[in-house]
Amino acid sequence: MQETRHRVLDALSEGPVSGPDLAERLDISRAAIWKHVEALREDGFTIESGDDGYELTDVPEFGGPAVEFGLDAPFTIEYHDSIPSTNSRARELADEGESDVVVLADEQTGGRGRLDREWSSPSGGIWLSVLFRPEVPPAQTPVFTLAAAVAVTRAAREAGVDARIKWPNDVLVPDGDGESSKLVGILTEMEGEADRVSWVVVGMGINANVDAAELVPDATSLREQVGDVDRRVFTQRVLEEFDALRADPESVLPAWRDLSATLGQRVRVETPGGDVVGEAVDVEFPGSLIVDTEEERVRVTAGDCEHLRPV
Ligand code: BT5
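Going by the working numbering, the sequence shown opens with residue 2, and the numbers climb by one from there.
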């Protein structure tokens, strides 16, 4: 949102304020105030004008201006009702030189998982991609996948969901019968030179206010777990947590260990070099899983992980 408009909105949210007072406070014309108020109304904000002046009485349920309003993290939001893939759009913005932009959508028509798998993204979800340019070597980018998992898991727990992280990029909810359903998937993409990242895009697919039956088998949604959530607030919490974690990568691993469903489990990890089977005993910076196969401790950096039943 444009900066002056943001300041107008902030002022209106603090209570009734007259047009002339506001114009003086922000050092712009009364006509300009009126234009910003009209534009905000078009964005879905309810602004009442009474004897005491203008007052913000309601904010839109979702969308770019809605999520930016009150967001305690330095991101601009590019919102789409429908888009093929927020990750693909964020990559375009990376090519245009942008940074600290979040592409957010209500629906995706070509959502992607890892290895070009399909990601089902009906209307009502929170499909978002964070584009940023951290000053780290490419080898450290996995820590941002873990950071995203921690951020969403914390937000989901605040919403009352028993969310847990499965290494490396899923957030699950236990079913009660020993199985789990997938609530969130994360797709991190990046471009970089040998020693420095150029950009990172962290995509998060959060099954929010959607029927689980509309997704794939073994998927769940916030709606199924706790009923519909306030997507504006949920998105803000995810972005605020993610912003704090990306600024302090050392804090990611301890938080991840606390929220992990994988540590202590018997796992099978499919890696390019073959399957690794054993007990997942730890996660190490920047995001490798340590698997104890009984013969040795193997450090796995990437792969599909399956939780096995204890032998
Ligand atoms: C992932 O891949 O879990 C990463 C998903 C990332 C999606 C986000 S949405 C915003 C951004 N824009 C994009 O285009 N992508 C990102 P992977 O670990 O490969 O898991 C993919 C598998 O999850 C699929 O093969 C299905 O089995 C399953 N799946 C598909 N849609 C799902 C859904 N909505 N909920 C749960 N599971 C799903």
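Note that CB positions come from ideal geometry on N, CA and C, so glycine has one too.
For the ligand BT5, is there a heavy atom less than 7 Å away from the beta-carbon of residue i?
| i | result |
| --- | --- |
| Ser-121 | yes |
| Asp-171 | yes |
| Trp-257 | no |
| Arg-238 | no |
| Lys-167 | no |
| Gly-206 | yes |
| Ala-118 | A quick correction: the sequence has Arg, not Ala, at residue 118. Within the cutoff, so yes. |
| Trp-128 | yes |
| Leu-94 | no |
| Leu-105 | no |
| Leu-188 | yes |
| Lys-36 | no |
| Asn-88 | yes |
| Gly-114 | yes |
| Ala-152 | no |
| Val-217 | yes |
| Gln-266 | no |
| Ala-220 | yes |
| Gln-109 | yes |
For residue i, report the span of its beta strand (DSSP E) as first-last.
| i | result |
| --- | --- |
| Trp-200 | 198-207 |
| Leu-173 | 171-175 |
| Gln-109 | 102-109 |
| Gly-20 | Per DSSP, Gly-20 belongs to no beta strand (DSSP E); it is in the alpha helix (DSSP H), 20-27. |
| Val-299 | 298-301 |
| Gly-65 | Where Gly-65 is concerned, there is no enclosing beta strand (DSSP E), although the alpha helix (DSSP H) it sits in stretches over 65-69. |
| Arg-165 | 165-167 |
| Glu-79 | 77-84 |
| Glu-225 | No beta strand (DSSP E) contains Glu-225, which is instead part of the alpha helix (DSSP H) from 223-227. |
| Ser-182 | 181-193 |
| Gly-51 | 47-51 |
| Leu-116 | Taken as a continuous stretch (DSSP letters only), Leu-116 belongs to no beta strand (DSSP E), as it is neither H nor E. |
| Leu-57 | 54-59 |
| Asp-293 | 289-293 |
| Asp-1 | Outside the displayed span of the chain (2 to 312) sits residue 1, for which this structure offers no information. |
Could you give the residue range of the alpha helix (DSSP H) that holds residue i?
| i | result |
| --- | --- |
| Ile-34 | 31-43 |
| Glu-159 | 143-159 |
| Phe-133 | Phe-133 -> not in any alpha helix (DSSP H); beta strand (DSSP E) instead, spanning 127-133. |
| Thr-263 | Note, Thr-263: premise wrong, no alpha helix (DSSP H); not H, not E. |
| Leu-10 | 4-14 |
| Ala-95 | 87-96 |
| Ser-284 | Note that residue 284 is Val in the sequence shown here, rather than Ser. First-last for Val-284: 275-285, but that is the beta strand (DSSP E), not the alpha helix (DSSP H). |
| Glu-242 | 232-247 |
In terms of alpha-carbon separation, which member of the options lies closest to residue i?
| i | options | result |
| --- | --- | --- |
| Leu-94 | Glu-192, Thr-294 and Val-270 | Glu-192 |
| Ala-140 | Ser-122, Val-103, Asp-196 and Ile-207 | Asp-196 |
| Val-103 | Leu-240, Ala-160 and Gly-304 | Leu-240 |
| Gly-288 | Arg-8, Arg-232, Leu-27 and Thr-142 | Thr-142 |
| Val-185 | Gly-177, Glu-194, Val-172 and Asp-178 | Val-172 |
| Gly-228 | Asp-73, Gly-125, Gly-275 and Leu-254 | Gly-125 |
| Leu-254 | Asp-59, Arg-310, Phe-145 and Thr-272 | Phe-145 |
| Arg-238 | Phe-76, Val-153, Thr-5 and Gly-65 | Val-153 |
| Ser-89 | Ala-32, Glu-99, Gly-112 and Phe-76 | Gly-112 |
| Ser-1 | Val-211, Gly-114 and Glu-307 | In the structure as shown, the chain starts at 2 and stops at 312, and residue 1 therefore has no counterpart that could be examined. |
| Thr-5 | Thr-302, Val-18 and Ser-30 | Ser-30 |
| Gly-45 | Pro-66, Asp-231, Met-205 and Glu-25 | Pro-66 |
Please find out if some non-hydrogen atom of the ligand NAD comes closer than 7 Å to the beta-carbon of residue i.
| i | result |
| --- | --- |
| Val-277 | Questions concerning the ligand NAD fall outside what the structure shown contains, since the ligands it does hold are the ligand BT5. |
Quick test of the definition: if touching needs 3 or more C-beta pairs under 8 Å, does the region 259-267 touch the region 277-294? Yes, since at least three Cβ pairs between the region 259-267 and the region 277-294 fall closer than 8 Å, the two stretches touch.
Any contact between the region 133-152 and the region 193-207? By contact I mean 3 or more CB pairs, one from each, below 8 Å. Result yes; three or more Cβ-Cβ pairs closer than 8 Å.
Contact between the region 46-59 and the region 12-27 is defined here as three or more beta-carbon pairs at a separation below 8 Å; is this criterion met? As far as the Cβ criterion goes, the region 46-59 touches the region 12-27, which means the pair count is three or higher.
Pair every Cβ in the region 164-173 with every Cβ in the region 245-252, then say whether three or more of these pairs are closer than 8 Å. Pairwise C-beta distances place the region 164-173 out of contact with the region 245-252, as fewer than three of them are shorter than 8 Å.
Touch test, the region 144-162 against the region 78-85, Cβ-Cβ under 8 Å, three pairs minimum: With a cut-off of 8 Å on Cβ pairs, the region 144-162 is not in contact with the region 78-85, counting fewer than three such pairs.
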